[in-house]
Amino acid sequence: MTKADISDLYDKHADAIDRAVSSMPGMPVFDECGSLDATCRNYMIMLVGALLVCGVPIDEASELAASITSIVSSPMRENLGREVGRC
1 MTKADISDLY
11 DKHADAIDRA
21 VSSMPGMPVF
31 DECGSLDATC
41 RNYMIMLVGA
51 LLVCGVPIDE
61 ASELAASITS
71 IVSSPMRENL
81 GREVGRC
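Numbering follows this note's numbering, in which position 39 of the sequence shown is assigned residue number 39; successive positions increment by one, without gaps.
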């Protein structure tokens, strides 16, 4: 999917995205396994479900969830391996 396609999906489902994200807890920094990838996968699965409940078709919900999860997790990925107190 192109950036324009994703942007169109965001516009088309803005209300559903807002309701879905508002209904979920925030993404934790790490899960029980301590793996950011596992945490992102679990968050994306929950987000797909929340989007489906809000009426977004499965194919579009999957694309939106992947995009949103990538955006939410990018600051955490940037900070992985940094020392505490260092930017």
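All residues carry an ideal CB built from backbone N, CA and C; glycine is no exception.
- Taking a C-beta distance under 8 Å as the contact criterion, C40 and S73 qualify as a contact pair.
- Leaving aside the five residues that flank M24 on each side, the residues in its chain whose CB is nearer than 7 Å to its CB run, in chain order, M46, L47 and A50.
- The alpha-carbon of D8 is positioned some 27 Å away from that of D37.
- C40 sits in a helix when the DSSP states are folded into three classes.
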